[in-house]
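> Numbering (our numbering), first residue to last: 1127 to 1475.
Virtual Cβ for every residue (Gly too), placed ideally from N, Cα, C.
Encoded as structure tokens, here's the structure I'll be asking about.
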């Protein structure tokens, strides 16, 4: 039964290193990793890209087990992302109707990407290269002539190289990377377990680009990457991706997951730029059902929805009021205050 890196034992240990309470369970035709997430409005169980299930019946059993676990833990709902469940995938498919029929409610937002880009590694190397943009293919074949080499590291400490590049990217672009602590703990948990590798491009021995992959037996994920802007004309990040692909193929993996792209018909999407980059390596689009909620305490789940709506309307109103006259600010506070107090009172019960 196939499952995501986010449903692996190594990922569970990584999450525990972050102080999270994690549950792992296997049943008749299903398995799941669930993380107990806490918010000011209560707690819930989050099952990233899971549960994994052989078919719809197994998925039903998994949801029953998750509901029981949520009740035992005092969680108000379970948020699932069943990408390996035997159901059709993507918005507008029968999967949405089937998930709704199981008592699930579409989450307000998707936590993990509902659209990704894959490269089939079962093809021979020449076919993989032929499907790429010619620029990517030629860079991979010829960049060694410019003195650039590529190394694969299984030393978690080398995450510091990637962190340095990510700091630079964050400073020069509107980009917020994961924290140093998060990525350091990811490397410390996943690399020794064989579920991650670090790839480093060097120019005459000096690192100029780096990437971290997340790996399962079947799939390599292009998780985090950055490069030194000083050497941007070398475009080392492109052959670095191809190196990651070819190493994954040599290791027996069958798919390379670019991990999240924007829809092709949304050119103004915030992810449009790096989505074009990811698609330039050839491959195919994969759509998932997205994030869905299983209400366990329906009253509290309704209160959670109300609180979200209040936040989405009251906060912009307060911000607008702060930039205007004092009376407008007081009016916004007066309008939002009683409703927010009502929601808080529900959560104190």
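Take the Cβ of residue 1452 as the centre, count every other Cβ of all protein chains shown within 10 Å, and call the residue buried at 16 or more, exposed below.
With a pLDDT of 49 at residue 1452, under the threshold of 50, the predicted position of this residue should be treated as unreliable, though the coordinate-derived value follows. Classification of residue 1452: exposed, given that the 10 Å Cβ count is below 16.
> For the beta strand (DSSP E) containing residue 1422, list its first residue and its last residue.
Segment: none, residue 1422 is in no beta strand (DSSP E) and carries neither H nor E.
> Report yes if the CB atom of residue 1260 is closer than 8 Å to the CB atom of residue 1210, and no otherwise.
Going by C-beta atoms, residue 1260 is not nearer than 8 Å to residue 1210.
> From this set, 1407, 1419 and 1411, which residue's C-alpha is nearest residue 1255's C-alpha?
Closest by alpha carbon: 1407.
> By the three-class DSSP mapping on this structure, what secondary structure does residue 1316 have?
Looking at residue 1316 - three-state DSSP - the assignment turns out to be helix.
> Taking three-plus beta-carbon pairs below 8 Å as touching, is the segment 1369 to 1383 in contact with the segment 1149 to 1169?
Because the criterion of three Cβ pairs below 8 Å is not met, the segment 1369 to 1383 and the segment 1149 to 1169 do not touch.
> Using 8 Å as the threshold, is the C-beta distance between residue 1187 and residue 1229 below it?
Against a cut-off of 8 Å, the Cβ pair of residue 1229 and residue 1187 comes out as no contact.
> In whole angstroms, what separates the C-alpha of residue 1287 from that of residue 1312?
Straight-line Cα distance between these residues: approximately 14 Å.
> Taking one C-beta from the segment 1192 to 1208 and one from the segment 1172 to 1183 each time, how about it: are there three or more such pairs within less than 8 Å?
The segment 1192 to 1208 vs the segment 1172 to 1183: in contact.
> Quick check on this structure: which residue in 1138, 1360 and 1346 has the alpha carbon closest to the alpha carbon of residue 1244?
Minimum Cα distance to residue 1244 is reached at 1346.
> Please classify residue 1137: does DSSP put it in a helix, a strand, or coil?
Here residue 1137 sits in helix by DSSP.
> Assuming residue 1157 is part of the beta strand (DSSP E), what are its boundary residues?
Taken as a continuous stretch (DSSP letters only), the beta strand (DSSP E) holding residue 1157 covers 1156 to 1165.
> Ordered along the chain, which non-local residues of its own chain (more than five positions away) have a Cβ less than 6 Å from that of residue 1142?
Around residue 1142: 1148.
> Can the beta-carbon of residue 1425 be found closer than 8 Å to that of residue 1192?
Cβ atoms of residue 1425 and residue 1192: not closer than 8 Å.
> By the three-class DSSP mapping on this structure, what secondary structure does residue 1333 have?
In this structure, residue 1333 counts as strand in the three-state DSSP scheme.
> Pick out the complete alpha helix (DSSP H) segments inside the segment 1173 to 1246, 4 residues or longer, and give them in chain order.
DSSP runs (the alpha helix (DSSP H)) wholly in the segment 1173 to 1246: 1182 to 1199 and 1220 to 1227.
> Label residue 1470 either buried or exposed according to how many other C-beta atoms from any shown protein chain fall within 10 Å of its C-beta, with 16 as the threshold for buried.
Only weak support is given to the placement of residue 1470: the predicted model assigns it a pLDDT of 43, under 50, and the value that follows is read from those uncertain coordinates. The residue is exposed, with fewer than 16 neighbouring Cβ atoms inside 10 Å.
> What does the Cβ neighbour count give for residue 1305, buried or exposed, with the cut at 16 atoms within 10 Å?
Exposed, by the Cβ-count rule.
> Tell me, which residues are paired with residue 1411 by DSSP?
Its beta-bridge partners are 1243.
> Along the beta strand (DSSP E) that carries residue 1266, what are the first and last residues, could you check?
Taken as a continuous stretch (DSSP letters only), residue 1266 belongs to no beta strand (DSSP E), being part of the alpha helix (DSSP H) at 1260 to 1268.
> Pairing CB atoms from the segment 1286 to 1302 with CB atoms from the segment 1378 to 1394, are three or more of them under 8 Å?
The segment 1286 to 1302 vs the segment 1378 to 1394: no contact.
> Based on Cα-Cα distance, which residue from 1415, 1431 and 1434 lies nearest to residue 1226?
With distances taken between Cα atoms, residue 1226 lies closest to 1415.
> Quick check on residue 1281: does DSSP put it in helix, strand or coil?
Residue 1281: coil per DSSP, three-state reduction.
> Ignoring anything shorter than 3 residues or poking outside the segment 1323 to 1374, list the beta strand (DSSP E) runs there in chain order.
DSSP runs (the beta strand (DSSP E)) wholly in the segment 1323 to 1374: 1332 to 1341 and 1345 to 1353.
> What does the Cβ neighbour count give for residue 1293, buried or exposed, with the cut at 16 atoms within 10 Å?
It is exposed - the Cβ of residue 1293 has fewer than 16 other Cβ atoms within 10 Å.
> Excluding sequence positions up to five away, which residues of its chain have a Cβ less than 7 Å from the Cβ of residue 1361?
Around residue 1361: 1265.
> Bridge partners of residue 1477, per DSSP?
The chain is shown from 1127 up to 1475; residue 1477 falls before or after that span and cannot be answered.
> Less than 8 Å between the CB atoms is what I'm expecting for residue 1316 and residue 1140, so what's the real figure, rounded?
So it is a contact: roughly 6 Å between Cβ atoms.
> DSSP three-state label for residue 1130, please.
Residue state, collapsed to three classes: coil.
> Roughly how far, in whole angstroms, is the beta-carbon of residue 1247 from the beta-carbon of residue 1371, given that I think they are within contact range, below 8 Å?
Yes, residue 1247 and residue 1371 are in contact; Cβ-Cβ is about 7 Å, under 8 Å.
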